[in-house]
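Peer 1:
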């Protein structure tokens with residue numbers, strides 16, 4: 002196998018600048034099992050398919066995040082989609098806020114799913130997943146999860162991340178006579 006050439010620095014910089022302009026939900030991915038209890042903040046989460054034997058979603062996580070090998074070893078994970086007002090939870094799991102004893106899980110209230118995965122109390126929605134596959138692409142793992150359960154929260158708006166800042170979506174005013182493009 003021949004070595005992978007380094008990324009062109011100009012395209013890498015343009016890619017990173019371009020990606021800051023996208024908007025995505027803020028998610029805390031948690032896992033618990035034989036490898037232990039771990040969690041991490043990620044913005045790269047998306048549905049794959051609602052069809053098939055089970056719905057599927059994907060999560061991308063940096064290889065240096067301690068939760069990544071734990072997800073592989075535990076074989077299960079939960080996607081906790083944060084709602085507006087939960088930015089401090091995101092910052093805690095991203096390592097931006099120092100916590101007593103370094104315990105990220107001390108930043109909020111928890112429950113356990115029927116599949117044993119940590120659930121953030123008050124999250125907008127939680128997806129309990131069985132790890133279907135994983136692949137390393139560059140510096141990140143891509144996890145595909147089969148959704149075993151969906152737990153809807155009590156409402157609210159999602160916490161989003163765009164342009165290196167947290168936000169929440171707002172509805173655009175309806176415009177009479179809107180013409181489709």
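Numbering (our numbering), first residue to last: 2 to 182. Heads up, the beta-carbon is just placed ideally off N, CA and C, and yes, glycines get one too. Here the structure is a predicted model, which means the values were calculated and not measured.
1. Compare the C-alpha of residue 31 against each of 173, 131, 154, 159 and name the closest.
2. Looking at C-beta atoms only, is the number of pairs between the stretch 36 to 56 and the stretch 79 to 98 that lie closer than 8 Å three or more?
3. Select from 65, 122, 54 the residue whose C-alpha is nearest the C-alpha of residue 113.
4. List the whole-angstrom C-beta distance separating residue 83 from residue 72, where the pair is believed to meet the contact cut-off of C-beta under 8 Å.
5. Do residue 126 and residue 151 have their C-beta atoms within less than 8 Å of each other?
6. For residue 33, tell me which candidate among 58, 75, 21 has the shortest Cα-Cα distance.
7. For residue 94, which residues from the same chain have a beta carbon less than 7 Å from its beta carbon, with the 5 sequence-adjacent residues on both sides left out?
8. Our contact map puts residue 47 next to residue 59 with C-beta atoms below 8 Å; I'd like the distance itself, whole angstroms only.
9. For residue 23, collect the residues of the same chain with a Cβ closer than 8 Å to its Cβ; drop the 5 residues on either side in sequence, then sort them by chain order.
10. Given this structure, state the Cα-to-Cα distance separating residue 129 from residue 21, to the nearest angstrom.
11. With 16 as the cutoff for other CB atoms within 10 Å, does residue 87 come out buried or exposed?
Peer 2: With the structure as the only source:
1. On the chain shown, position 30 is the one that residue 31 refers to. Residue 131 is the option with its Cα nearest to residue 31.
2. Under the three-pair Cβ rule at 8 Å, the stretch 36 to 56 counts as touching the stretch 79 to 98.
3. Locating residue 113 in the chain shown gives position 112, where the first residue counts as 1. Of the candidates 65, 122, 54, the one whose C-alpha sits nearest the C-alpha of residue 113 is 122.
4. Mapped onto the chain shown, residue 83 falls at position 82. Mapped onto the chain shown, residue 72 falls at position 71. Not quite, the Cβ-Cβ distance comes to about 19 Å (not below 8 Å), so this is no contact.
5. Sequence index remark: in the chain shown, residue 126 carries index 125 (1-based). Sequence index remark: in the chain shown, residue 151 carries index 150 (1-based). Yes.
6. By 1-based counting over the chain shown, the position of residue 33 is 32. Residue 75 holds the alpha-carbon nearest to the alpha-carbon of residue 33 among 58, 75, 21.
7. Reading the chain shown from its first residue, position 93 is the one you call residue 94. Answer for residue 94: 29, 40, 41, 42, 105, listed in chain order.
8. As a working mapping, residue 47 is identified with position 46 in the chain shown. As a working mapping, residue 59 is identified with position 58 in the chain shown. Cβ-Cβ separation between residue 47 and residue 59: approximately 6 Å, consistent with a contact (criterion under 8 Å).
9. If you number the chain shown from 1, residue 23 lands on position 22. The answer, listed in chain order, is 163.
10. The count along the chain shown starts at 1 and reaches residue 129 at position 128. The count along the chain shown starts at 1 and reaches residue 21 at position 20. Cα-Cα distance, rounded: 28 Å.
11. By one-based count along the chain shown, residue 87 stands at place 86. Buried: at least 16 other Cβ atoms inside 10 Å.
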